[in-house]
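Working notes, beginning with the structure itself.
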Amino acid sequence: FPTALVLGGALPSVCKNLEDPRFASSIGLEKVIYVDSSINNLAAAKRISEETTTEERTLDTEYVHIKSEEAFLPELPLETPKNSVDVVIACLGLHWYNDLPGVLMQCNHVLKPDGLFLGAMFGGETLQELRIACSVAEQEREGGLSARVSPLARVRDAGNLLTRAGIALPAVDVDDIIIRYPTAMELIDHLRVMGETNAVVQRKQTLPRDTALAASAIYQTMFAEEDGSVPATFQV
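The numbering used here numbers the first residue of the sequence shown as 4 and each following residue consecutively.
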């Protein structure tokens, strides 16, 4: 894979692996194009590139960092036109694009014939416990429901999106990762640090304190394990 295009999300983590000299040489990596709407992510990727010294590199790999708009890939440099990228990597950032089908079509556009699209995204069962607890609490306290978690694609939708984008031989695999927290409040704090709170523009901007406390209590009652911790599902 001489040329790789990496989309934002877990960009710094992907960057560390791609810029490991042993890994880069094993796949013949010559050029990496990082694309992200987050200035902080791009800055972290640049720091990793700078920390990898010339002496450590077995290949003279070129690294390009491009800031994109929130919903679209940028117009790629002239040296990467249609059918010019060997692999596109998208790790845990696809759910942030407003036009996901369009982004996948653009990925297929720049991929060479028989190129590889390698993506990981949060699936529709992610944070299912939190969704249920918030729904019950809002229904009890406010007499209605509102979206408290960002919308996510279900497994069947992922396969359909890849096919619609023109990507040949699509394969979808699912991992359910369970993380345990002392209480639901620690889960909320973790989501804030991750930058993965509700991204819907037309959402309720505040959550009444009594509703939040009710949601936490319902979460504990419905899902707590024997040791008192609460699980949170992350479907990838």
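Heads up, the beta-carbon is just placed ideally off N, CA and C, and yes, glycines get one too.
Collapsed DSSP secondary structure at residue i in the structure displayed
i, result
"residue 128", "coil"
"residue 183", "strand"
"residue 139", "helix"
"residue 226", "helix"
"residue 32", "coil"
"residue 175", "coil"
"residue 209", "coil"
"residue 122", "strand"
"residue 236", "strand"
"residue 103", "helix"
"residue 39", "strand"
"residue 154", "coil"
"residue 70", "strand"
"residue 85", "coil"
Reference residue i; option with closest CA among the options
i, options, result
"residue 111", "221, 125 and 165", "165"
"residue 89", "107, 115 and 103", "115"
"residue 94", "9, 153, 101 and 102", "9"
"residue 176", "52, 124, 214 and 34", "124"
"residue 140", "218, 186 and 66", "218"
"residue 174", "180, 183, 163 and 181", "163"
"residue 212", "11, 98, 144 and 113", "144"
"residue 96", "142, 197, 168 and 215", "197"
"residue 187", "235, 170 and 172", "235"
"residue 179", "215, 131 and 201", "131"
"residue 200", "129, 28, 169 and 182", "129"
"residue 209", "150, 28 and 42", "150"
"residue 203", "190, 32 and 98", "98"
"residue 171", "53, 108, 28 and 14", "108"
Cut-off 8 Å between Cβ atoms - residues of its own chain near residue i, not counting five sequence neighbours on either side
i, result
"residue 127", "155, 156, 157, 158, 160 and 238"
7 Å CB neighbourhood of residue i in its chain, flanking five on each side removed
i, result
"residue 26", "20"
"residue 23", "none"
"residue 227", "233"
"residue 185", "232"
"residue 221", "136, 139 and 140"
"residue 68", "37, 45, 48 and 49"
"residue 214", "140, 141, 144 and 145"
N-terminal and C-terminal residue of the beta strand (DSSP E) that residue i is part of
i, result
"residue 93", "88–94"
"residue 10", "6–10"
"residue 199", "Residue 199 -> no beta strand (DSSP E), and no H or E assigned at all."
"residue 158", "Segment 158–167 is the alpha helix (DSSP H) holding residue 158; no beta strand (DSSP E) there."
Same chain, Cβ closer than 6 Å to residue i, neighbours up to 5 away in sequence not counted
i, result
"residue 18", "48 and 51"
"residue 134", "152"
"residue 65", "34"
"residue 30", "4"
"residue 12", "94, 95 and 96"
"residue 6", "34, 88 and 89"
CB-CB length for residue i against residue j, believed under 8 Å
i, j, result
"residue 39", "residue 71", "7 Å"
"residue 104", "residue 167", "6 Å"
Residue i - containing alpha helix (DSSP H), residue span
i, result
"residue 149", "Per DSSP, residue 149 belongs to no alpha helix (DSSP H) and is neither H nor E."
"residue 21", "14–21"
Closer than 8 Å to chain C by CB, residue i
i, result
"residue 117", "This model lacks chain C altogether, as it is built from one protein chain only."
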